[in-house]
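Enquirer: Take a look at the following structure, please.
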Amino acid sequence: MLGNDVVDLTLDCEKHLNHRFIKRILTLKEQQQLQLAHDKNLFLWSLWSIKEASYKACQKLNHLLLFSPSQLELNDSSLKKLTEHHPQTAFFGTLKHQSTELQLKLTWYAEHSEHSPTMKYTAVHATALQGTDPKSLADVQVEISKMNQPSNYKNQSLAVRKLATKLLESNAITASIQRPPITIKDYSKPGPPILVSDQQTTLPHEISLSHDNDWLAAVLLIK
759 MLGNDVVDLT LDCEKHLNHR FIKRILTLKE QQQLQLAHDK NLFLWSLWSI KEASYKACQK
819 LNHLLLFSPS QLELNDSSLK KLTEHHPQTA FFGTLKHQST ELQLKLTWYA EHSEHSPTMK
879 YTAVHATALQ GTDPKSLADV QVEISKMNQP SNYKNQSLAV RKLATKLLES NAITASIQRP
939 PITIKDYSKP GPPILVSDQQ TTLPHEISLS HDNDWLAAVL LIK
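The C-terminal position of the sequence shown is numbered 981 in this note's numbering, with every residue numbered one higher than the one before it.
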């Protein structure tokens, strides 16, 4: 099962100071590591993107699964490694939720600032893939894009579908992206995305979409 998430790091740079929010979404160990992190904004949203991507992957196994961030935690060695990791290179780690083990990859995106010689990290992207072999992440294709100008949620959703369609076309896959509705506690909402052929058969390939502000991301695993 596959999931992904992208986060704009420039939207809420002081969220790590909101103690109620931190206690709600992070485990005690994660809270402790947050205090040790050099860049607390980057560390917090990196953890958040991991949790979101992992939830999307796990929800494909259990459509009734509710998003509970504090229940999705990196293993101890991965959490410590992330605290010490420099965002110039990709990060790889492991998360286990109940009986499901996930392999994780984080990538950060930076821009040069006109007023500073240092790089400013503006986005983080997480990929989560069910399995025990970290090398399996190499089979996941990723498309990341930034919109030229800010847009509303509806336009972002349309834009990320176009990005995903481009990814499918580059692999000669003709399919529509559909989200069959699921019902949780009498509430109906779109479920995880699936690929449906022109013949109305569900394809085995896995796809995951995400967007945040100007940032769009789509990941594909061909089976």
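Don't be surprised by glycine CBs; every beta carbon is placed ideally from N, CA and C. Values in this document were obtained by computation on a predicted structure and should not be read as measured data.
1. Ignore the nearest five residues each way along the sequence and tell me which others in Leu853's own chain have a CB closer than 8 Å to its CB.
2. Ala922 and Ile952 look like a contact to me (Cβ under 8 Å); what is the Cβ gap, rounded to whole Å?
3. Would you list the residues sitting across from Leu775 in a DSSP beta bridge?
4. Can you tell me which residues form a DSSP beta bridge with Glu859?
5. Taking Ile808 as part of the alpha helix (DSSP H), name the residues at either end of that continuous run.
6. So for Ala795, helix, strand or coil by DSSP?
7. What do you get for Thr880, buried or exposed, if any count of 16 or more other CB atoms within 10 angstroms of its CB means buried?
8. Rounded to whole angstroms, what is the Cα-Cα separation between Cys816 and Ser857?
9. Going along the chain, which residues of its own chain have a beta-carbon closer than 6 Å to the beta-carbon of Trp973, five neighbours each way excluded?
10. Expressed to the nearest angstrom, what Euclidean distance is found between the alpha-carbon atoms of Tyr911 and Asn799?
11. Skipping 5 residues on each side, what residues in its chain have a beta carbon closer than 8 Å to that of Leu840?
12. Under a three-way DSSP split, which group does Leu830 fall into?
13. Assuming Leu950 and Lys781 form a contact by the criterion Cβ under 8 Å, report the distance between their Cβ atoms to the nearest whole angstrom.
14. Measure the alpha-carbon distance for Val954 versus Leu775 and round it to whole angstroms.
15. By the DSSP assignment, the alpha helix (DSSP H) with Lys912 in it spans what residues?
16. Note down the Cα distance separating Thr847 from Trp866, rounded to an integer number of angstroms.
17. Would you say Ala933 reaches chain B, if we count a Cβ-Cβ gap shorter than 8 Å as a contact?
18. Take Pro948 as the anchor and find which of Ile942, Gln957, Arg937 has the nearest alpha-carbon.
19. Here's the rule I'm using: 16 or more other beta-carbon atoms within 10 Å means buried, otherwise exposed. How should Gln907 be labelled?
20. CA-CA distance, Val900 and Pro939?
21. Please classify Val981: does DSSP put it in a helix, a strand, or coil?
22. Return the CA-CA distance between Asp770 and Met877, expressed in angstroms with no decimal places.
23. May I ask you to report which of helix, strand or coil DSSP gives Pro938?
Expert: The answer reads as follows:
1. Ile808, Ser812, Leu830, Glu831, Leu832, Asn833, Ser836, Glu859, Leu860, Leu862, Ala886
2. Between Ile952 and Ala922 the Cβ distance is about 12 Å, and since that is not below 8 Å, they are no contact.
3. Leu775 pairs with nothing; no bridge assigned.
4. Lys854
5. 798 to 817
6. coil
7. buried
8. 10 Å
9. Val764, Asp766, Ala881, Lys904
10. 23 Å
11. Gln791, Phe801, Ser804, Leu805, Leu832, Phe849, Gly851, Leu864
12. coil
13. Rather than Leu, the amino acid found at residue 950 in this sequence is Pro. So it is not a contact: roughly 29 Å between Cβ atoms.
14. 44 Å
15. 911 to 928
16. 8 Å
17. Protein chain content of the structure displayed is limited to a single chain, and chain B is not contained in it.
18. Arg937
19. exposed
20. 25 Å
21. In the sequence as displayed, the identity of residue 981 is Lys instead of Val. Note: Lys981 maps to coil in three-state DSSP.
22. 18 Å
23. coil
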